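J.: Here it is, the structure, as structure tokens.
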Amino acid sequence: MPFLETDDGRAYYRHWAAEAPHAAVIFLHGFGEHTGVYHRYGFALNAAGIDLWAVDQFGHGLTAGDRGDFTTLEASIGLGDELARLAAAASPGIPLVVQGHSFGAVATLWKLVQDAGPYRAAVVSGAPLVPVAGLVDADSTFEIAPSQLSADPFYLDQMENDPLAFVDADGGPLARELDRGWDAFGATLPNLTLPTLAVHGTNDPIAPIGAVRAYAEQIPALSLFELAGGGHDILNDVTHREVAARIAEFVDQHVG
1 MPFLETDDGR AYYRHWAAEA PHAAVIFLHG FGEHTGVYHR YGFALNAAGI
51 DLWAVDQFGH GLTAGDRGDF TTLEASIGLG DELARLAAAA SPGIPLVVQG
101 HSFGAVATLW KLVQDAGPYR AAVVSGAPLV PVAGLVDADS TFEIAPSQLS
151 ADPFYLDQME NDPLAFVDAD GGPLARELDR GWDAFGATLP NLTLPTLAVH
201 GTNDPIAPIG AVRAYAEQIP ALSLFELAGG GHDILNDVTH REVAARIAEF
251 VDQHVG
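Counting along the sequence shown from 1, when you hit position 4 you're at 4 in the UniProt record's numbering, and nothing is skipped either side.
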């Protein structure tokens, strides 16, 4: 099985390869997920000529760690950076786009406001840009009802029966790292200059869309694509085809 070797440890990754890719997306998933829940998304990007590279973050999937503990934002960013180097080596000169969902979106934005690195553009989905109820202190125990994530029956069945996926874990480490992002974003997010697409469901109960709307109105580089009625896991909701098509269109607009 393929693993990244990083200073923080080994991490399992997947690569969905297009036949002749004109861009590559580097993806960081969210809490309770792993790369195996993104096959449909990977195949949709491949059909648009885009590679998808994704990594099981620490404490998730086939990567070691305490259940649900990403460790730090910097560790997640390091996984993405290493995956980007791998993608660039596999297809020299290919334009890279970074993407994050939920906690992965916070890590992605945390990186971009400091150093956009090799990326031409970015995508975030289900981004919790302000404090989330139930995740405001280190004593949090976070539990999500699958129905809050998506209305797609295939995805809900996967989340309920996949032994590598989960909807509850000690929320303390997650709260600690999210809090770091929330404390900083008010001052740092307005500095975002890399073209970034936020994809968000209007009925997201975990990360309400209002905060993303407000930031999109203030930041020229940030655009928002709203999915009416969409839940938190918008990449795996009933509108997943529409979402993938919009992201592919955005990638094509920004890879030159």
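Idealized CB from N, CA, C, for every residue including glycine.
Computed from a predicted structure; not experimentally measured.
How would you call P128, buried or exposed, if buried means at least 16 neighbouring beta carbons within 10 angstroms?
T.: Classification for P128: buried.
J.: Let me make sure I understand the geometry here. Which of L192, G36, A48 and A216 has the alpha-carbon closest to that of P163?
T.: Nearest of L192, G36, A48 and A216 to P163, Cα basis: G36.
J.: When we look at the beta-carbon of G249 and count the other beta-carbons within 10 Å, is it buried (16 or more) or exposed?
T.: One detail in the question is off: residue 249 reads as Glu in this sequence, not Gly. By the 10 Å Cβ count, E249 comes out exposed.
J.: Among residues of its own chain, excluding the 5 on either side of V98, which ones have a beta-carbon nearer than 6 Å to its beta-carbon?
T.: Same-chain partners within the cutoff: I26, T108, Y119 and A122.
J.: Have a look at P243 and I234 and give me their C-alpha separation to the nearest angstrom.
T.: In the sequence as presented, Pro is not what sits at residue 243; that position holds Val. Roughly 8 Å between the two C-alpha positions.
J.: Could you say which of G181, D7, M159 and G78 lies nearest to P131 if we only look at CA atoms?
T.: Nearest option by C-alpha distance: G181.
J.: Among N203, P195 and G256, which has the Cα closest to the Cα of H232?
T.: Out of N203, P195 and G256, N203 has the C-alpha closest to the C-alpha of H232.
J.: With which residues is F225 paired in a DSSP beta bridge?
T.: Beta-bridge pairing links F225 to V199.
J.: Quick check on DSSP: helix, strand or coil for L192?
T.: In this structure, L192 counts as coil in the three-state DSSP scheme.
J.: Classify G61 as buried or exposed, calling it buried when 16 or more other Cβ atoms lie within 10 Å of its own Cβ.
T.: The residue in question, G61, is buried, as its Cβ has 16 or more Cβ neighbours within 10 Å.
J.: On a Cα-Cα basis, can you pick out the residue from I209, M1, A169 and P153 that is closest to G126?
T.: Among I209, M1, A169 and P153, the Cα nearest to that of G126 belongs to I209.
J.: Would the beta-carbon of L96 fall within 7 Å of that of A24?
T.: Yes; because the gap between Cβ atoms is below 7 Å, this pair is in contact.
J.: Under a three-way DSSP split, which group does F58 fall into?
T.: It is coil, neither helix nor strand.
J.: Measuring straight from C-alpha to C-alpha, what distance separates L156 and R176?
T.: The alpha-carbon atoms of L156 and R176 are separated by roughly 28 Å.
J.: What first and last residue would you give for the beta strand (DSSP E) that runs through V243?
T.: Taken as a continuous stretch (DSSP letters only), V243 belongs to no beta strand (DSSP E), being part of the alpha helix (DSSP H) at H240 to H254.
J.: Suppose you measure from the CA of L178 to the CA of A207; what does that come to, to the nearest Å?
T.: Cα to Cα, the separation comes out at about 12 Å.
J.: For Q218, which residues in the same chain have their Cβ closer than 7 Å to its Cβ, ignoring the five residues on either side in sequence?
T.: P190.
J.: Taking 7 Å as the threshold (C-beta atoms), are V212 and A198 in contact?
T.: Yes, these two residues count as a Cβ contact at 7 Å.
J.: Restricting to runs no shorter than 3 residues, where is the beta strand (DSSP E) found entirely within the segment 65 to 117?
T.: Whole beta strand (DSSP E) segments, 3+ residues: 96 to 101.
J.: Roughly how many whole angstroms lie between the Cα atoms of G68 and D170?
T.: Using only the alpha carbons, I get a separation of about 7 Å.
J.: Give the DSSP-derived three-state secondary structure of E33 in the structure shown.
T.: Looking at E33 - three-state DSSP - the assignment turns out to be coil, as it is neither helix nor strand.
J.: In three-state terms, what does DSSP make of G187?
T.: Looking at the sequence shown, residue 187 is not Gly but Ala. Helix at A187.
J.: Checking 7 Å against the spacing of the C-beta atoms, do residue 259 and D8 come in under that value?
T.: Lying before the first or after the last residue shown, residue 259 is absent from the chain, which here runs from 1 to 256.
J.: For H34, count the other beta carbons within 10 Å of its own beta carbon; 16 or more makes it buried, fewer makes it exposed. Which is it?
T.: By the 10 Å Cβ count, H34 comes out buried.
J.: Determine the direct distance from the alpha carbon of G93 to that of G256, and round the result to whole angstroms.
T.: Roughly 12 Å separates the two Cα atoms.
J.: Counting only the same chain and skipping the five closest in sequence on each side, list residues whose C-beta sits under 8 Å from that of Q148.
T.: P205, I206, G231 and H232, listed in sequence order.
J.: If you draw a straight line from the alpha carbon of I247 to that of H254, how long is it in whole angstroms?
T.: C-alpha separation (whole angstroms): 11 Å.
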